[in-house]
Amino acid sequence: MKKGIYTLALFTAFLMGNTDAQAQAGLKKADKEHDQWAYIDAINIYEKVAKRGYVSKDLLEKLGDAYYFNARYSEAEKHYERLFTEYASEAPASEYYYRYAQTLQHVGKDTEAKSYYEQFVSKAGSNTQVAQIRKNEAELKKQIQANSGRYDQVNNLETNTQFADYGSYVHNNQLYFTSARDTGSLSKREHTWTGDAFTSLYSVASTATKDDKVTRLKGKVKSPLNESTAVITKDGNTMYFTRNNYINNERKYDSNKNTNLKIYRAENVNGKWENVTELSFNMDGYNTAHPTLSQDEATMYFSSDRPGGFGGSDLWQVAIHPSGAFGGPVNMGSAINTEMRDTFPFVTENGELYFSSDGRVGLGGLDVYATKLDRNSNPGEIHNVGAPINSNADDFAYYIDPNTKQGFFSSNRDGGKGNDDIYSFYETKPLQLECIQKLLLTVVDSKTRNIIPDANVTLYDRLYTELETSNRYENNTYTFNNEFKCGEGYRLKVEKNEYTTKEDFVQMNKESGVTEHTIVLERKKTEVKKGDDLFKVLKLNPIYFDLDKYNIRPDAAAELAKVLAVLEEYPTMKIDIRSHTDSRASHKYNDKLSEGRAKSTREWLISQGIEASRLTAKGYGERQLINECADGVKCSEEAHQANRRSEFIILEM
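According to mature numbering (1 follows the signal peptide of the UniProt record, and there is no 0), the sequence shown holds residues -23 to -1, 1 to 630 in order.
Put into structure tokens, the structure is as follows:
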């Protein structure tokens, strides 16, 4: 893309090496052009100096940069290659490893690019954002591949020209875009950085063909410098746009004699954009550009190279108060921003943020990425949107209508009409931006473990706000319309005739996919038969006794009361009370202890009104262990506890 519209002031002054007077004078002139963004002139002068044989590390860096930031990657490769070949011992700064890697990827030399990316990580340090991202390069490449192929009808607009055409925003079926097309007096406003005319704002029907009229916006948004990247409020009354620092017919300079980019506001007055004012959060000496608005128009997102960022340019946000005043700009943080370029934000009415970056694993150059913003503008997982939107060229200024799935993006890929072109597209499959889980619920009978169909399931959030009631049952599972957020907790209530209602809590997995959960229901009436153990049927807690004692403690009585209730419900039922110990202590002691406890249990039930003839009791000591923990075997306390048990075996019904 044409960096003349952004990142032009991202270069600092460079000191030149010793040459003869003529070359030194030429280099000084080139440096001046370089620092003032006139790269076409700077390239010509640098090339002349190089042809005279005055080549230095600094000169190759500047020549490589001049071509790199002007998106002329084939030429940039030649000079970066010489830099790393002829001055390898002088170790270029880490950013040159990254730029060279990007350049190599642009020209299709992926293997060599990977090597220089790795060297960049080694030079810059493993704690940098770019290094951290590239640790997961293989996985991210798989993500790019999975996200690719979701677009159809990717077409170069018929209204593109041989000049730069880029940026897109649709309002009332009109496509607003930026162009350096040569129309009338514009031909005289040539930008020496790119060799093109300065850019202006235009509009055309969003479904335009080559015969449709392209119109330059009217009013005070026409200046002798660059205007670009506009966004319009829903009511059509206000437009925010990017412009070189130019207000009241006067070009403004910072302390370094640069005319930085700023964001301006214009009002729609009878179809003309008038009353242009500079926004309060612009910062002299730094670029502020590419505005976009949140769905409620209470937040503006933009790109800037101001202090407080992470890289060449960062994404920022600023609150728009009801009065129209702006709050203070806030950097969107390292979850989005990298040490490289993060720019051209666009937010859909669904809260999806699209932006371009060359600091992440991609297909080359600037790639388009997307994430879902929460209510506080915090991003979720960041996804590369994949091919064919992204390529090994610069791909940027993405716009999509989430309702029609139609949109536009800009690219300087091969096969275009100009330096940058606008492309239209149709999204055939949405990108899964949020980490979403699908819940598959199974409901089973506690005794038979058979699946229970036709239950009524109510879904709540963790605060018991009802989300959905579902009895959709297929393939042995219950499914829901609700989207479940990864890592979030939900509550479920399951109701079914003949079963006790059950509430349960389910924690969703932290990565996109499926969470499976099972809820066990107990019948209101439990079927019992001869030989069943009421301890297991009633799911009793252990019957505890004091050390060397037989008397029934209050906590034991609470459990025995459940057995009592069953015996009262079934007056002909007879049971055998069996008490067991673990293997510790002597056989004689354990026999006596278990016999006493069995009889004590029987006597308690008799005291509660159960006929003695319905109850038998026997102590088995350690003679019926249910595990290997016999005498001389080392076992855990938990294993010994399993042997200390009471049984209530049904003898007759």
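By construction, the Cβ of each residue, glycine as well, lies at the ideal position given by its N, Cα and C atoms.
Bear in mind the structure is a predicted one, so any value in this text is a computation, not a measurement.
C-beta atoms of residue i and residue j nearer than 7 Å
i           : j    : result
Y376        : N361 : no
N308        : G286 : yes
N427        : E445 : no
N237        : D231 : yes
Y403        : F386 : no
A70         : Q82  : no
Y74         : K34  : no
Y143        : T155 : yes
G596        : Y527 : no
V421        : V497 : yes
F482        : Q414 : no
V471        : L417 : no
G357        : E274 : no
T219        : V181 : no
Y521        : A538 : no
P268        : I313 : no
S560        : C606 : yes
A594        : I529 : no
G303        : F373 : In the sequence as presented, Gly is not what sits at residue 303; that position holds Phe. No. Outside cutoff.
D371        : N355 : no
residue 631 : E451 : Since the first residue shown for the chain is -23 and the last is 630, residue 631 is missing from the structure and cannot be characterised.
Beta strand (DSSP E) segment containing residue i, residue limits
i    : result
N133 : 128 to 133
S556 : 551 to 556
P531 : Note, P531: premise wrong, no beta strand (DSSP E); alpha helix (DSSP H) at 531 to 546.
E67  : Careful: E67 lies outside any beta strand (DSSP E) and carries neither H nor E.
H148 : 142 to 148
P519 : No beta strand (DSSP E) contains P519, which DSSP labels as neither H nor E.
Q139 : First-last for Q139: undefined, no H or E at that position.
N433 : 433 to 438
Y153 : 151 to 156
D422 : 413 to 422
E472 : 466 to 472
S447 : 443 to 447
S334 : 329 to 334
P407 : It is not in any beta strand (DSSP E) - P407 carries neither H nor E in the DSSP assignment.
T320 : 319 to 324
Exposure label - residue i; buried when at least 16 CB within 10 Å
i    : result
A7   : Note on A7: pLDDT 47, under 50, position unreliable in the model; the coordinate value appears next. Classification of A7: buried, given that the 10 Å Cβ count is 16 or more.
Y441 : exposed
D129 : exposed
V208 : buried
Q618 : exposed
Y16  : With a pLDDT of only 46 at Y16, under 50, the local geometry of the prediction cannot be trusted, and the value read off the model is given with reservation. Result: buried.
F457 : buried
R158 : buried
N620 : buried
R127 : buried
K28  : exposed
DSSP state of residue i mapped onto helix, strand, coil
i    : result
L628 : strand
V514 : helix
K34  : helix
N21  : helix
E54  : helix
S560 : coil
A266 : strand
D42  : helix
Y455 : strand
T80  : helix
L498 : strand
A616 : helix
V483 : strand
E475 : coil
K28  : helix
V491 : strand
I429 : coil
Y400 : strand
Y527 : coil
For residue i, the first and last residue of its enclosing alpha helix (DSSP H)
i    : result
R622 : Neither: R622 is in no alpha helix (DSSP H) and is coded neither H nor E.
L122 : The displayed chain sequence assigns Gln, not Leu, to residue 122. Note, Q122: alpha helix (DSSP H), 114 to 124.
F97  : 87 to 101
- Entirely within the segment 269 to 317 and at least 4 residues each: give me those alpha helix (DSSP H) ranges in chain order. none
- Query: Can you give, in chain order, each stretch of the beta strand (DSSP E) that sits fully within the segment 167 to 219 and has at least 3 residues?
  - Reply: 177 to 182, 204 to 209
- Item | Ranges of the beta strand (DSSP E) found wholly within the segment 337 to 398, counting only runs of at least 3 | 344 to 349, 372 to 377, 383 to 388
- If you scan the segment 223 to 259 from start to end, which runs of the beta strand (DSSP E) of 3 or more residues do you find wholly inside it? 238 to 246, 249 to 255
- Task: Could you tell me which uninterrupted alpha helix (DSSP H) segments, each at least 4 residues in length, are contained entirely in the segment 565 to 612, listed from first to last along the chain?
- Result: none
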